[in-house]
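The structure appears right after this line, and notes come after that.
Residue numbers (our numbering): 2 to 1095.
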């Protein structure tokens, strides 16, 4: 036994002790080589810091740390390389060359936008075909495809935007139909007369007429849609026939121009195009009866009608010529139209190739006689103008619920329609450029040709074919919008992702969306009442483009994720084509109008967030969930590449909680503290262990998991739960520490509550488990947080309006003590608390210099805190410390004996009796009685140990017997201090410190008793004595300085190397934290967690 005791002391504090054996990361703050070479006796000279001496090779004293702060040459991992890389980048980067504005002609200005739009829509159609053939597509079309591929939030946001776009597009089509009707077909039908009005009055009258007739046409179209989609299809055939006829008429007219071009004169002065209303004859003068007479054109540029009048200089120097606006397909005008410049607003429309005598330095006069550009034209503007012609590609998919076989019809019909219309568009662009003069093509309002329709004039046999074709085309488009939009809204409503729209999911018995049609017609009527939708139309185009973009994204996502369910019948797709289509749609949005694109995205974002917070939760196996899984896997693989840099370190907390018999959490405030520490936004795992077997106790584990999730939701802790079932709770906790997390995303910090009633008999095993947790976290290099008196910690709803968070920085173990208060103060509970840092100076330390160094250290850490250095000079170990240690060891030995078997107990008692007779005879009976009364007065019950352990020292056993018994008897005899029931023994509690001290020093007789006990003190474990001395001295200064602090953070000493001194370790910690309300004991994980570098 004596040998065992010698080994114990050697292991705990001997020179061969190597701590936990774990290598520690080199610190940017600690001169590692100096700390390693420093003799232990120099670091811990004396008795004041004996409690921390076992880990002095890994956790240096703060005084030795601060002495190295003057030299900040050490850099964290990677910082030096980063700075060297920056230093190597010498010289200034070459400045970018200014980008010139594009100067493009008809080919690049018209042909390219057409190609870009058609390619974009074709790629979208390919993506849509792949999605549509990957399973059944019910009603909803594009919304259904997007929502099932990207989730309800994206699907709902894009679906609502697309619905609004389709609805307002229907209003625009109806207004276009009315405009053609009132201007070209039956002008006399206008209720508000336009004839004789000009400017704003004429525009207002036209808008009023459009409102009245638009409402009538809308009502008729809504009635047709209400009757049934089959009537819409019949009318659509009629409208389509008219449109096809008008297109054929255009092609026939182009052919006719090769034989007999139409008469379509345009008057030019020099190379400038003249307003048709500014002349009656395209000439300056005419000959009538051999007399030269000036024309209206002369009078426009001259101050009188006479030939000697003073005229405009440009008018005088240039001739007037008349050209044909439609010279024909064989005229070779295509070569001229291939090239040209965009026009600035206010520029005169000029014909290329004609001579013009103009002084470039003289200002332009009489500009109101020429045709001027009303806006600045550029490439993206032409893209935006052309785009609405290809917005109908979703018309078929919007009616997916009415299709017999949507998987077959949507791809074939959409791609065939795009191919047909693309051929028509591209051929028309080329043929118009080959038949029509450039000045006519650029004449936006036909001011040079008396307002005549250029395409109508080109068409054969009559311009009316084009007029009626345009009329029925707009009617058909409006009817299709009123058919598709309600079905889209009905699909969104039936999914229930937007609560207040659910009523619009109902309809007639045959599924016709009656209520959705009513809402669509009402929104469409709003557009008609607005009448002038010039400011709304660009947003609608953005809605369409956004829908197309997300269709492409959905296809690309499903392809790249390679989900097993992605098996489209349409095979002619590729993720690269989908990404290209998505990029084209996104670029078109910003090319058309970047601010309208931002507005549209803002609207979609608001809808997205509304669905996210208020909508129903749906699990449709969408691609966003697949992205999350893939991104999580990728991130976890990246985390495996190495440990995080100090700058990226944050507490990833494993919270160990215990459950009661009803599977409810016993320490809910642990989660409150976790929430308050989560300013670092790290990982949180809340774990617990359920006693039993997996087969028998799985239901209890599920119940415990639900309790954890519920409390986490209440405390607003975002993280994960983990419940293990184990036949031994100690093993279950160990499993949580070992296997918690996944890959590189593992916990680096464990939080466990202090075993509050560890001295109680029923909690004996609890503190054993607690110490094992401390040991395991030490071995695993995991930080440990132990909140003491957790019930007194504030909830998330409380606020501290003042107070301090005190940090007692005794040893440096990575900077956790600095980081934790900073994180706490980010939370509203602790925000108003100020931070104070106390550190301890030994006899040989320069406390003034330590304070200066510490202030400098905190400055570089960017932490605001008050600093105080507390001096703890070496002093003699007091008699009370010896007595406290003696009582502690007696308690340990008595509790240990209570777990011996009957035979072992008899042998142990005999051994105690034989070895301690001489000591008994030396004792003063009065001292024994005095001590016994003090112990019984301040005692509490202790729980026996569950496993028997050998008695380590016969001298200690002798002390126990001689101190507490006067005759050889068992520990449970009436004369012993053991309670008869349950085997509990009464011993002084640490809270009775003041009473014991008074008892032991109040009388001379007591002083004599103490003097007579000196031989027993000399036999005490001197390591335990010094540790008790450290705990008491530290507690004395901490209590003095931080009694009123809202929270005290303190270095937690390491556990004993062997299990003989577990009870003593708990007693040391109890003495260390006695008299403090809220204490957070902190052990670092063996690496730096805070750095001074950016």
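Using N, Cα and C, we set each Cβ at its ideal position, and we do this for glycine too.
Distance CB(residue i)-CB(residue j) smaller than 9 angstroms
| i | j | result |
| --- | --- | --- |
| residue 227 | residue 520 | no |
| residue 1073 | residue 1050 | no |
| residue 132 | residue 148 | no |
| residue 834 | residue 798 | no |
| residue 1038 | residue 873 | yes |
| residue 167 | residue 482 | yes |
| residue 556 | residue 127 | yes |
| residue 475 | residue 177 | yes |
| residue 459 | residue 233 | no |
| residue 821 | residue 652 | yes |
| residue 353 | residue 302 | no |
| residue 152 | residue 493 | no |
| residue 184 | residue 207 | yes |
Neighbour-count burial assignment, residue i, 16 or more Cβ in a 10 Å radius
| i | result |
| --- | --- |
| residue 328 | buried |
| residue 264 | exposed |
| residue 807 | buried |
| residue 1057 | buried |
| residue 630 | exposed |
| residue 813 | buried |
| residue 281 | exposed |
| residue 544 | buried |
| residue 568 | exposed |
| residue 197 | exposed |
| residue 473 | buried |
| residue 221 | exposed |
Reference residue i, options the options, closest by Cα
| i | options | result |
| --- | --- | --- |
| residue 786 | 173, 467, 1055 | 1055 |
| residue 801 | 782, 827, 758 | 827 |
| residue 346 | 375, 334, 357 | 375 |
| residue 690 | 712, 661, 669, 675 | 661 |
| residue 125 | 769, 576, 695 | 576 |
| residue 831 | 722, 677, 812, 747 | 677 |
| residue 640 | 692, 713, 747 | 747 |
| residue 692 | 658, 659, 728, 669 | 728 |
| residue 449 | 494, 422, 324 | 324 |
| residue 210 | 716, 307, 529, 280 | 529 |
| residue 665 | 657, 647, 705, 510 | 705 |
| residue 241 | 460, 470, 432 | 470 |
| residue 163 | 541, 1066, 819, 230 | 541 |
Distance between residue j and residue i (C-alpha atoms, nearest Å)
| i | j | result |
| --- | --- | --- |
| residue 299 | residue 379 | 35 angstroms |
| residue 260 | residue 570 | 50 angstroms |
| residue 255 | residue 429 | 10 angstroms |
| residue 752 | residue 774 | 10 angstroms |
| residue 182 | residue 290 | 46 angstroms |
| residue 420 | residue 504 | 39 angstroms |
| residue 1053 | residue 1083 | 5 angstroms |
| residue 368 | residue 349 | 8 angstroms |
| residue 1086 | residue 811 | 16 angstroms |
| residue 414 | residue 129 | 12 angstroms |
| residue 204 | residue 351 | 29 angstroms |
| residue 477 | residue 330 | 32 angstroms |
| residue 357 | residue 365 | 13 angstroms |
| residue 634 | residue 743 | 10 angstroms |
| residue 174 | residue 463 | 24 angstroms |
| residue 973 | residue 778 | A caution first: residue 973 carries a pLDDT of 34, below 50, which makes its placement in the model unreliable, though a value can still be read off. Each residue's Cα considered, the two are about 38 angstroms apart. |
| residue 739 | residue 655 | 11 angstroms |
| residue 578 | residue 159 | 21 angstroms |
(message) Ignoring anything shorter than 4 residues, give me the alpha helix (DSSP H) runs that lie fully in the segment 730-809, in order along the chain.
(response) Taken in chain order, the unbroken stretches of alpha helix (DSSP H) that lie wholly in the segment 730-809 and span 4 residues or more are 730-740, 765-780.
(request) Can you check the segment 690-736 for any beta strand (DSSP E) of at least 3 residues that lies completely inside it and give the ranges in chain order? (result) As far as the segment 690-736 is concerned, its whole beta strand (DSSP E) runs of at least 3 residues are 721-727.
(request) Note down, one range per segment and in chain order, each beta strand (DSSP E) of at least 3 residues found wholly within the segment 483-568. (result) none
(request) Would you mind listing the alpha helix (DSSP H) stretches within the segment 611-689 that are 4+ residues and don't spill past its ends, in chain order? (result) Residue ranges of uninterrupted alpha helix (DSSP H) with 4 or more members, entirely inside the segment 611-689 and ordered along the chain, are 624-640, 670-677.
(request) Could you name each continuous beta strand (DSSP E) segment of 3 residues or more that falls completely within the segment 434-471, going from the start of the chain to the end? (result) none
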